[in-house]
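Notes follow the structure.
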Amino acid sequence: MVKTISDLLTMKQNKEKISMLTAYDYPSAKQVEAAHIDTILVGDSLGMTVLGYDSTVQVTLDDMIHHSKAVKRGAPNTFIVVDMPFGTVGSNPDQDIANAVQLYQQSGAHAIKAEGAHIESFIIRCKALGIPVVPHLGLTPQSVGIMGYKMQGASTEAAQQLVADAQRMEQAGAIMLVLEAVPSDLARKISKTLTIPVIGIGAGVGTDGQVLVYHDVLNYGVDRHAKFVKQYGDFAIGVEALQQYHTEVKKHEFPSVEHTYKKKVWDEE
Ligand code: KIV
């Protein structure tokens, strides 16, 4: 059964941690659902993990829709959040809403996520239209050109600003908050201050839930890991399997009899 927004709220109230993992395609979504992970994020990190870009900046609305549809087919019973990609929120209020409607309507996701503290009025307008929004504060990778990939909220002023921003997001009608790369005591404070669930990444254990990137967790095609990543599996082992296949083809060992249709249709070979 797909969890509802109210289920996620109840989990926070009951101090049950919420697990979230990214997925970008049908097989990864199937695995995440089979693992009973509470929620899926179709993150624009797919720009790096799946499409091979060096940041999320190149990812388009069409990319997000395309991948979310596959995720939805793979995980029909999981609550799915999809990212608004770079430049689709914050330039023109009417265009922002048109983008949100298109993504929400076509992706099949249950909520949309948008980065930055400037999205208060966007959240209000989306809520009025019936679109649940998950703001993303702290390190926001779409702003890498300005903030880099570094911890946020490290000074008292910056920390106070983040608490205030988070409160504004909740008051605007956000259903959940993603908080990335901030000191753990700040993340705990924000999680305690807000009534909506706060999902952390690189934000310590005091948040209401955790999100990680599928490819980081499984060491799948990733060259560098952030400090906050924990690897739980190793898909790099797949390379050995591929080498074995290559060797067997070269040595005429694959296909063997068991992988061959043996019905005789020619008299001679
Ligand atoms: O795109 C993404 O995967 C994300 C997570 C890092 C939270 O935004």
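Just so you know, we're using this note's numbering here: the sequence shown kicks off at 116 and counts up by one. Note that CB positions come from ideal geometry on N, CA and C, so glycine has one too. Predicted model, so just to flag it, every value in this text is computed and none were measured.
Relative to ligand 1, Ile316 has its C-beta within less than 7 Å of a heavy atom. DSSP places His374 in the helix class (H, G or I) of the three-state scheme.
Classified as buried, Ala318 has 16 or more neighbouring CB atoms from the shown chains inside 10 Å of its CB. At a cut-off of 7 Å, the beta-carbon of His233 does not count as near ligand 1: no heavy atom of the ligand is closer than that.
When secondary structure is reduced to three states using DSSP, Ala226 falls in the strand class. The alpha carbon of Ala341 has as its nearest neighbour, out of Glu363, Ile352, Ile316, the alpha carbon of Ile316. Summarising the contact set, residues whose Cβ lies nearer than 7 Å to any heavy atom of ligand 1 are, in chain order, Thr137, Leu156, Gly158, Asp159, Ser160, Thr171, Asp198, Lys228, His251, Pro256, Val293, Glu295, Ile316, Val326, Val328.
About 5 Å separates the CB atoms of Val196 and Ala226; that is less than 8 Å, so the two are in contact. Less than 8 Å divides the Cβ of Gln346 from the Cβ of Val332.
By the neighbour-count definition (other C-beta atoms within 10 Å, threshold 16), Met116 is an exposed residue. Val196 carries a strand assignment under DSSP once its states are collapsed to helix, strand and coil.
Beta bridge pairing from DSSP links Glu295 with Gly253, Ile316. Using a 10 angstroms sphere on the CB of Thr255, the tally of other CB atoms reaches 16 or more, which defines it as buried. If you draw a straight line from the Cα of Ser143 to the Cα of Phe350, it is about 12 Å long. For Ile261, the secondary structure class from DSSP, reduced to helix, strand or coil, is helix. The alpha carbon of Ile311 has as its nearest neighbour, out of Gln217, Val248, Ala224, Thr175, the alpha carbon of Val248.
Within the same chain, Cβ atoms closer than 6 Å to the Cβ of Ile238 are found at Val248, Ala287, Gly288, Ala289, the five residues on either side in sequence being excluded. Per the DSSP secondary-structure output, Val157 pairs in a beta bridge with Val197. In this model, Met199 and Val372 are separated by some 50 Å (Cα to Cα).
Out of Thr308, Asp209, Gly324, the CA that lies nearest to the CA of Ser236 is found in Asp209. Taking each of Leu123, Ala190, Val172 in turn and checking the Cα distance to Ile155, the smallest one comes out for Ala190.
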